[in-house]
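Take a look at the structure below.
Residue numbers (the numbering used here), protein chains in the order written: chain A, 3 to 102; chain B, 2 to 230; chain C, 11 to 561; chain D, -5 to 322.
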C-alpha cells in the first residue's frame, strides 16, 4: 500500500468549509458590487474547486508528478481558449470600422 | 444459506480474478497509477468539453450584460443553492467511500456510495423541478418563450446557455449516478479490496469533477442578477 | 539473426497465427491485432474518400458543371474532406502504426488499457457506419467546416447524423490517445528514459496530447450544431445575438491543431526512416523532441489564422499572424535537422527512404506556402482559394500520407513477417511523387490567379491547369493502388523478413517478425540511447527469397 | 497557355504582388537550398561511396542559427503582411460609400445616390470606395481577385471593405465563402469607370431619389416619426445629429451611434436604451429587410451634421443633462 489514507476528519472539515463558502457566495450575490460581483463569485468558485481537487480528489497527496501536470494542463488550455477568443471579442471595433 | 455461500464463493473468485494483475503491468502500484492517470487525462478532456460552452457564455455575457442579469433574476435561487449544497455533500460521501475502500470497509463503502447516489438523484429531481418551473414560466427558448423585459432576444440567449450548460451537466450527473450504481453493485459483492479499488477511485474522481463543474455553473447562472425575490 | 526457412520457425506463436477465427480478431485486446483492424477500417474509408476525390477531379475537367449537379458536387467535396480527415488521416498513423509500434518501441507487453483500445476501434466503426449512413441517405453539403448558420439553418441534408458521426469518432481518437499517454508514462521498460525514446514515440505522445485537449472542442461544436438543428434554436443563432464567428473559434480551436495531428506522427515516422537509411543517429535529438512538443503547444495558439477575413478584430488578426510564424520555427528546425541527419551518413535509397525524402520535399513546399498564408496581406487574397487547397494537400497528402506509406513499407516486414517487392516499391513511390506534384502544384497558381475553392463551375481560363491537376490525380490514384496489390502479394510470396531486415535500431526490431502476442518474452532493459547505429551492422542486406532458401 | 498572374487593378494589388514575389523568392531559395543539399548528400554519402557513417549527433550553434535566422525572416513577412492588412482595414475618410447586401445567391448593391444594381458594381476609377456589407442569410465573402481584397459578409453584422481601383475594365466579383448549392454561381462584375462617366451613370437612372431619401420615405411609412420627432424631443430620441456621436445609455455606459448601433436599435430596441427614454419601441425584426435597414441607416446618417460626423476621440464628453440625449 503506497496510498495516503486521509483521515475522515479532514474530509468533513473540507466539506464544512465548502458549505460556508457556498453560503458566502450566495450572500454576497445580493450585494451589488458592480464589476467586482463577478470577480468575487468566480474567485470563491475557484477556491471551492481548489479544495475539492486538493482534498477530495487527493491531488494534495498525489505522488505522481505527471498527475499534477495534467491537472494544471487543463487549466492552462482553458485559459488559452478563453484568452485568445476574448482577444478577438474585446478588441472588435477598435478601429471604428464595422467588421474590423 | 447455500445461495449466499455460493454468492460469496463467486465474489471471492471474482476478487481473485481482479486481483491478478493485467499482464502488461509489473505490479499493483503501476496498474493503479496508470488507471488514475488515465482518469485525470480523461478529465482534462471533459474540462475542455465544458470549456467550449463556457467560452460562448463569456463572449455573450460580455456582449449582453444587462440581458444576462435580467435572465438570471428568473433563476430559482433557493433551488440552485440547495443543489450546490447537495452536490458538495454528495462529494463528501464519495470521498468518504474511497476512504472506506482504502481500509477495506465494505459495508461503509456501500452505504456511503448509496447516500451519494441518493443525493445525486435529489439533485436531478430539483433540477427537473426547476426546468418544469421555467417551462410553466415560458422561459424555455423557442416558440413558447415569453419575455416582458426590454431585450427579449438576448435574454433568450441567456436561457439557451442556461439549458445547454445545465443540460450537459445533468447528463454528466446521470452518467455519474449510473457509474456509482455499478460500483455499489460490485462493492456489495466484495470485488474491491485495499489493494484493488481503482474503479472506486476513478468513479470518485469523475464525480468530483462533475461537482466542480456545478461549483462554477452556480455563480455563472444563478448569482449575476443581484436580486433574487 | 538467423533467417531460417519456413518449417523451422516454430519457436513461438506470432500474433497473427496465435489464434484463429473471426472471433479471435473481433474480441482481441492485442494492440497489434487492433492496429490491423484499424488498418482495414481506414483503408476502406480511404477508398470511399478517394472515390469522392475522383468525382471532384472529373467534374473540374471542364469549366461547366456538366458531370454532376451543383448539390452533388457540394456533397462530394464535403464528404471527401470529412472522410479523409476524420476517418482516414487522423487515425492513420496514430491508430495503425502507433498502436502497433508504441508498446514494442518502449518495451511493453501491451498498451495500458487494452480493452479500451479495442473499444475505441468499435467506436470508430460506429462513427464510420453513422457517416456511411449519412452518405447513403443523401450526404452532407455543409463543407467539412460546418460553418453556421449554413449548417444549422439552411442546408437540407442530414447534418444531424453527420455531425454526430464526427462527435462519435472523436471519442475514438480521445480514447486511443488517452491510452498512448498513459502507456508512454507508465509502461516504459527499465532504462527507457524520456531521453532514449524513439522520436516516433515522442511524436505520437505529442499527437495524443493535442487530441485529448482539442477533440472535446470539435465534439461540443458538433453537438451544438446538431442540437441547434434539432431544436431550431441555439448558441449560434444570429437572431438571438448569436455569433457565427463563435462557432468558427470553437471549430478551429480543434481543427487547426488537428492539422498537427495530421503531420506530427508523420514527422516521427520520417525520423525513424531517415536515421535507419543514413545508418546514423538523428541530428540534434533534443531539439527534435523539443520541436515536436513546441509544435504541439504552439499549434493551439494560432487557430484564428483561418479567420483573417472572417470578421475578427484587426488586433487579434495581428496576434494570430505573429503566433503563426512562431509555430513555423520548430517545423523549420525539423526539416533542417533531417537534412543534416544525412550529412556524413551512409545513405541507402530503399523504398522507405524514397518516401522519407519525398516527404521532406513536399512538406517543405507545404510549410513554405503556409508562410504565405500566415502573412496577413497575402492571406486576404488567397484564403478560400485553390492556393489553400494546394497548401493543405501538400501537408496532409504530401506529408502525412507519404509518411504513412513510408512507414507502412518500413514496418511491413515487422507487421507481416514478409518483405514487399523492393522494385515495385520504388516504382510506386516515384509514381506517387510525380502524380502528387502534378495534381497539386497547378492549384497554387490557380489560387493566386483567382479560382475559388468549392466552386462547381469556374472561368474557362483556368481549364488548362485543372486538366493538368486531374491528369495528375489519375497518376496519383495508380500510385496508391499499386502498394495495395504488392502488399497483398507479399503476404504469400514475399521473402521472410527475419527480426531485423534493415538492421535498424529500436526495440521493435529485436523481436521476431511478426512479433509474438506478448511482444517480449523477457522485459527488455534499455542501456543505450535511440538510434545507436554505431552499435549495429554497417550494411543493410535486404532479404530475398533466394537467400532464405540458401541458408 | 494559362495565366500566372491576375491583372492588378487596384492600388493595393501592387503591394500584395510585391510581397508575394518577395515571399516566392525567399521561400524558393530556401527550398532549393534544402533540396540541393539532399541531392548532394545522397551522392556524396551513398552507401557504396561512404560505407561507414560518422556518428555526428548534432551541433547546437548550427541549430540555434537555423532557428533564429528563419525567425528573423518570418518577422519580415509578418510585419510586411500586417502593414498591408492594416491598410486594407482602414478606409480613408472621404471614401465613396456603397452598400452591399448578399443573399443566396446574389449580390445587391445600393449607391447613396439611389442607383441599385444586382450582381454588378459600378465604381469610379481613382477614388476610394468603401463597401458596407451584410448578409441576409448565411456567410458570404466578397472577393475581387484583381483588387486583391476580400472580406466575409456576415449575417447580423456589418463588415467593411475598401479599395481604390486604378485600371478601367470589367472584373469578376466572386463569393468566396461556401454558401450553399449555387455558391459557384454567386458571381458578378465590378465595372471600373472613368469618374466623369461614372457620375453620368450615377445620375442616369435616378428617378428614385437618393438612398437616404428611400430611407426617409420608409421612416415615415413605418411611423417612426410619431416618436422620433425633429422639432422637439418626442417619446423617442431626436435623431438629428446623432449619427457618429457617443450616446449615453440608461445603464450609464455610452456607445457610438454607428451603423451597428442604429441597426441594433431598430431590430432590438430594448438592448441599448438611450438614457431618459422608456423601452417602448417595438422591434422591427422581420418587418424591415436588410436593404431597408441600410436605407434607414443612410437616412439617419444624412441627418448628422457633416463636420460632426467623425468624433474626435473615443472618450465621449459627459452630457450635462442626464435626462435626455446629449444632442439637442
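Virtual Cβ for every residue (Gly too), placed ideally from N, Cα, C. Computed from a predicted model, the values in this text were never measured in an experiment.
Excluding five sequence neighbours on each side, which residues of the same chain lie with their C-beta closer than 8 Å to the C-beta of residue i?
| i | result |
| --- | --- |
| residue 67 of chain D | 20 |
| residue 262 of chain D | 277, 279 |
| residue 170 of chain C | 236, 239, 240 |
| residue 176 of chain D | 98, 99 |
| residue 72 of chain C | 473 |
| residue 309 of chain C | 220, 266, 267, 269, 270, 337 |
For residue i and residue j, which I take to be in contact (beta-carbon distance under 8 Å), what is that distance rounded to the nearest angstrom?
| i | j | result |
| --- | --- | --- |
| residue 534 of chain C | residue 546 of chain C | That belief does not hold up - the Cβ atoms of residue 534 of chain C and residue 546 of chain C are roughly 16 Å apart, past 8 Å. |
| residue 286 of chain D | residue 233 of chain D | So it is not a contact: roughly 16 Å between Cβ atoms. |
| residue 153 of chain B | residue 243 of chain C | Rounded, the Cβ-Cβ distance is 13 Å, inconsistent with contact. |
| residue 188 of chain C | residue 39 of chain B | 6 Å |
| residue 63 of chain C | residue 90 of chain C | 5 Å |
| residue 101 of chain D | residue 92 of chain D | That pair is no contact at about 11 Å. |
| residue 554 of chain C | residue 505 of chain C | 5 Å |
| residue 138 of chain D | residue 166 of chain D | 7 Å |
Suppose the cutoff is 6 Å on Cβ atoms and the five residues either side in sequence are ignored; what does the same chain contact list for residue i look like?
| i | result |
| --- | --- |
| residue 483 of chain C | 67, 449 |
| residue 174 of chain C | 236 |
| residue 94 of chain C | 59 |
| residue 550 of chain C | 358, 512, 513 |
| residue 319 of chain D | Residue confidence for residue 319 of chain D is low, a pLDDT of 38 falling below 50, so the modelled location carries little weight and cannot support an answer. |
| residue 141 of chain C | 175 |
| residue 95 of chain B | 117, 205, 208 |
| residue 148 of chain B | 156 |
| residue 96 of chain D | 129, 134, 147 |
| residue -3 of chain D | none |
Take residue i as the anchor and find which of the options has the nearest alpha-carbon.
| i | options | result |
| --- | --- | --- |
| residue 347 of chain C | C:367, C:143, C:46 | C:367 |
| residue 84 of chain B | B:37, B:122, B:24, B:145 | B:122 |
| residue 159 of chain C | C:398, C:303, C:278, C:246 | C:246 |
| residue 371 of chain C | D:247, D:28, D:4 | D:28 |
| residue 10 of chain A | B:66, B:82, B:67, B:104 | B:104 |
| residue 113 of chain C | C:199, C:139, C:150 | C:199 |
| residue 312 of chain C | C:230, C:326, C:405 | C:326 |
| residue 19 of chain A | A:36, A:39, A:49, A:32 | A:49 |
| residue 355 of chain C | D:48, D:208, D:203 | D:48 |
| residue 190 of chain B | B:50, B:26, B:110 | B:110 |
| residue 503 of chain C | C:126, C:432, C:302, C:124 | C:432 |
| residue 330 of chain C | C:339, C:340, C:341, C:318 | C:318 |
Grab me the residues of residue i's own chain with a C-beta within less than 7 Å of its C-beta, minus the 5 sequence neighbours each way, in chain order.
| i | result |
| --- | --- |
| residue 204 of chain B | 180, 181, 184 |
| residue 298 of chain C | 209, 281, 292, 344, 347 |
Quick one: does the C-beta of residue i sit closer than 8 Å to a heavy atom of the ligand ZN?
| i | result |
| --- | --- |
| residue 116 of chain D | Inclusion of the ligand ZN in the displayed structure is not the case, the ligand content being empty and no account of it being possible. |
- request: Pair every Cβ in the segment 170 to 180 of chain C with every Cβ in the segment 139 to 150 of chain D, then say whether three or more of these pairs are closer than 8 Å.
  value: no
field: Length at least 4, wholly inside the segment 246 to 298 of chain D: the alpha helix (DSSP H) runs in chain order
entry: Residue ranges of uninterrupted alpha helix (DSSP H) with 4 or more members, entirely inside the segment 246 to 298 of chain D and ordered along the chain, are 253 to 261, 284 to 296.
- request: Scan the segment 350 to 433 of chain C and note each continuous alpha helix (DSSP H) run of 4 residues or more that stays entirely inside, going in chain order.
  value: For the alpha helix (DSSP H) assignment, the uninterrupted runs of no fewer than 4 residues enclosed by the segment 350 to 433 of chain C are, from N- to C-terminal side, 361 to 384, 386 to 392, 396 to 405, 412 to 426.
- prompt: Counting only runs that start and end within the segment 126 to 208 of chain C, where is the alpha helix (DSSP H) found for 4 or more residues in a row?
  reply: 169 to 196
- request: Indicate whether the contact test is met: 3 or more Cβ pairs, each with one atom in the segment 231 to 251 of chain D and one in the segment 131 to 144 of chain D, closer than 8 Å.
  value: no
query: Okay, do the segment 268 to 278 of chain C and the segment 91 to 99 of chain B touch, 3+ Cβ pairs below 8 Å being the bar?
result: No: the two stretches stay apart, fewer than three of their Cβ pairs being nearer than 8 Å.
task: Give a yes or no on contact between the segment 186 to 196 of chain D and the segment 35 to 52 of chain D, applying the rule of three or more CB pairs nearer than 8 Å.
output: No, the segment 186 to 196 of chain D is not in contact with the segment 35 to 52 of chain D.
message: For the segment 154 to 161 of chain B against the segment 63 to 75 of chain B, do three or more pairs of beta-carbon atoms, one drawn from each stretch, fall closer than 8 Å, so that the two count as touching?
response: They touch, by the three-pair rule.
- request: Evaluate the contact criterion for the segment 41 to 57 of chain A versus the segment 284 to 304 of chain C: three or more CB pairs, one atom per stretch, below 8 Å.
  value: Using a C-beta cut-off of 8 Å, the segment 41 to 57 of chain A makes no contact with the segment 284 to 304 of chain C, since fewer than three inter-stretch Cβ pairs fall below that distance.
message: Please give me, in chain order, every unbroken run of the alpha helix (DSSP H) with length at least 4 that falls completely inside the segment 275 to 328 of chain C.
response: 295 to 308
- prompt: Do three or more CB pairs link the segment 377 to 391 of chain C to the segment 57 to 77 of chain D at distances below 8 Å?
  reply: yes
Given 8 Å, three or more beta-carbon pairs between the segment 118 to 136 of chain C and the segment 104 to 111 of chain D: Judged by Cβ distances under 8 Å, the segment 118 to 136 of chain C makes no contact with the segment 104 to 111 of chain D, as fewer than three pairs qualify.
query: Just checking, does the segment 456 to 473 of chain C make contact with the segment 424 to 433 of chain C on the three C-beta pairs under 8 Å criterion?
result: no
query: Are three or more beta carbon pairs between the segment 58 to 76 of chain A and the segment 30 to 46 of chain B nearer than 8 Å?
result: The answer is yes - the segment 30 to 46 of chain B touches the segment 58 to 76 of chain A, with three or more Cβ pairs under 8 Å.
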